[in-house]
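What follows is a short report on a single structure.
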Amino acid sequence: MDNLERYRDIVPDYEAFKAIQRLPLFGSCRINTLKIQRAKLLERLEEKGIGYRAFGWYPLGLKLDVESPGKMLENLLGYIHIQEELSMVPPMVLDPQPGEMILDLCASPGSKTTQISQMMNNRGLVIANEPSLARVAPLRSNCERLGVLNVAITRYDGRDFPRGPFDRVLVDAPCSSEGRERKGPGTISRSNCTKSLELQKLQIRLLQNAVRLTKPGGVVVYSTCTYAPEENELVVRAVLDEARLEEITIEGLQSCPGITQWSGETLSDDLMRCARYYPHLNDTGGFFVAKLIKN
Amino acid sequence: MSPSSSRIRNVFEPLPASEVAVLWQSRFGIPEEVFSGYQFFRKAKSIWAISDTALPRLSFESLGMRIMNLKDQPWKPTTCALQVFGKHATRNLVHLDENQALHFLEGGTQEIEPDLKSDSSYVEMGYVVVFYRGEVLGCGLYSHGKLVSQIPKERRASSEQPGR
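Protein sequence lines, in the order shown, are assigned to chains A and V.
The first sequence lines up with residues 1 to 295 when you count with my numbering.
The second sequence lines up with residues 1 to 164 when you count with my numbering.
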């Protein structure tokens, strides 16, 4: 956990933040409204005696009291999708509308892709891009299981994705995944500033291309599941000449503003409009989300 | 097949919706209008369905959902396509009870006795839509009183079902 030490000054109640990393996270899922209505799914869970609690901020998100939620029939039949609570935030911030053209630049395994598809009620088009052939299989499998019919998969390097324009683009970037420690212990012990700076080069180029591919006035959402400012605010600032940040507020989910001081450097005040989600504030994993409007 | 035609068939070729609908109509009695709002493509031996919207000029790995496999005769519907379109089926469907449904979801083969009193139980040899409590479970292969589950391996239930 020493690798978290460098966040002592930016995370509120640092000791609680550090302590919660050892607590495993409850399984959670999203109700797939492409296949079942919420009331009907809840009825099924109750009939089977499966304990659940709906998220305060998102009625389609449930915490499940089950040992292997992935093996539930409801999951196999595509009525639910096993997905971490905060992973449902970026699509909500993206706010896709039925009929629009959306790009999910780093799509596999498709949790957010399929959530976007469901928000669009299977209308319009989502381009789910995933360069790795091995990672296309789970992406496709999730789309098929969930009854998704408005997603086309491409395999470009996200830095060179060739053409738009899109109404909205999601960049859920490859990252050091520190926010997943409660799901996969050991993640934090493998992360460090050098690795974050290495990832930053890729992340900046992905975000720059995403902005290029978006219509003027369109929305770009950049998200990671890590705390490292090198992979978050220091990536977002690279596009602030071409896009402006919009504040993110989700009722019922506590967030902290993006940071404006790091490593002795003062950053733009605009970066406060980014949202940082910490595990000890909502009993979740960790996430970073920025919403940009292209000039 | 000549090399040139096989090369041509390795791209997504648009297919009129009516050509797809007629196959589903004749096997499962699904009305043609169920397939409006989608566009269809053929690539090699598969047919794909995606929302009816303009596609950008990109190189695609997949277009929507793979709904049919034409490799063998007769053509085979995918389980995921039956879960979307199968609820409109009026023939070649099978209703299972709870134990049968679980066996089916585990990927098993079982003897079934079609309920002769019900009109919709008329089942011909070949692929069928399998229902449990009014919901589509997926694709089965029926022949001579036997139902063979076609549920893809990764989507099968294990025999010890948590939270059944």
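Where is the CB? At the ideal position from N, CA and C, for every residue including glycine.
Annotation for residue 85/V: no beta strand (DSSP E) segment contains it, though the alpha helix (DSSP H) segment containing it runs 79–85. The beta carbons of residue 111/V and residue 145/V sit about 5 Å from each other, so the pair counts as a contact at 8 Å. Contact of residue 44/V with chain A by beta-carbon distance below 9 Å is absent, the smallest such distance being about 15 Å. Contact holds between the region 206–214 of chain A and the region 154–170 of chain A, because three or more Cβ pairs, one in each stretch, are under 8 Å apart. If you draw a straight line from the Cα of residue 140/V to the Cα of residue 150/V, it is about 5 Å long. DSSP, read as helix, strand or coil, puts residue 73/V in coil. Residue 72/V counts as exposed, since fewer than 16 other beta carbons sit within 10 angstroms of its beta carbon.
In the DSSP assignment, residue 126/A is bridged to 102/A, 151/A. The Cβ of residue 108/V sits no closer than 9 Å to any Cβ of chain A.
Residue 38/V sits in a strand when the DSSP states are folded into three classes.
Residue 80/V and residue 11/A have their C-alpha atoms spaced approximately 45 Å apart. Looking at the backbone, the Cα of residue 282/A and that of residue 241/A are separated by about 33 Å. The beta carbon of residue 176/A sits no closer than 9 Å to any beta carbon of chain V. Per DSSP, residue 202/A has no beta-bridge partner at all. Within a 10 Å sphere around the beta-carbon of residue 92/A sit 16 or more other beta-carbons, which makes this residue buried.
Under the Cβ criterion of 9 Å, residue 149/V is not counted among the residues facing chain A. By the neighbour-count definition (other C-beta atoms within 10 Å, threshold 16), residue 173/A is a buried residue. Contacts with chain V (Cβ-Cβ distance below 7 Å) from the region 45–75 of chain A involve 48, 50, 66, 67, 68, 71, 72, 73, listed in chain order. DSSP places residue 68/V within a strand segment (E or B) once states are collapsed to three.
Counting along the chain, residue 102/V sits inside the alpha helix (DSSP H) bounded by residues 98–105.
With fewer than 16 other CB atoms across the displayed protein chains lying within 10 angstroms of its CB, residue 23/A is exposed.
The beta carbon of residue 144/A sits closer than 9 Å to some beta carbon of chain V. DSSP places residue 57/A outside both helix and strand once states are collapsed to three, so it counts as coil. In this structure, the CA atom of residue 58/A is about 23 Å from the CA atom of residue 258/A. Against chain V, a Cβ distance below 8 Å from residue 154/A picks out 58, 59, 60, 61. Counting along the chain, no alpha helix (DSSP H) covers residue 287/A; the unbroken beta strand (DSSP E) around it starts and ends at 287–294. Ranking 98/A, 219/A, 264/A by CA distance to the CA of residue 247/A puts 219/A first. Judged by pairs of C-beta atoms under 8 Å, the region 114–124 of chain A does not touch the region 40–53 of chain A, as fewer than three such pairs exist. Between the alpha carbons of residue 30/A and residue 125/V lies a distance of about 38 Å.
Annotation for residue 188/A: 1, 3, 4, 21, 178, 181 place their beta carbon closer than 7 Å to its own, counting only its chain and skipping 5 residues before and after. Here residue 32/V carries a helix assignment [DSSP, helix/strand/coil]. According to DSSP, residue 257/A shares a beta bridge with 275/A. Just measuring C-alpha positions, the residue of 13/A, 250/A, 233/A sitting nearest residue 263/A is 233/A. Proximity to residue 34/V across 92/V, 152/V, 101/V, 17/V peaks at 17/V, based on C-alpha coordinates.
Going by beta carbons, residue 104/A and residue 128/A fall inside the 9 Å limit.
Between the alpha carbons of residue 286/A and residue 96/V lies a distance of about 44 Å.
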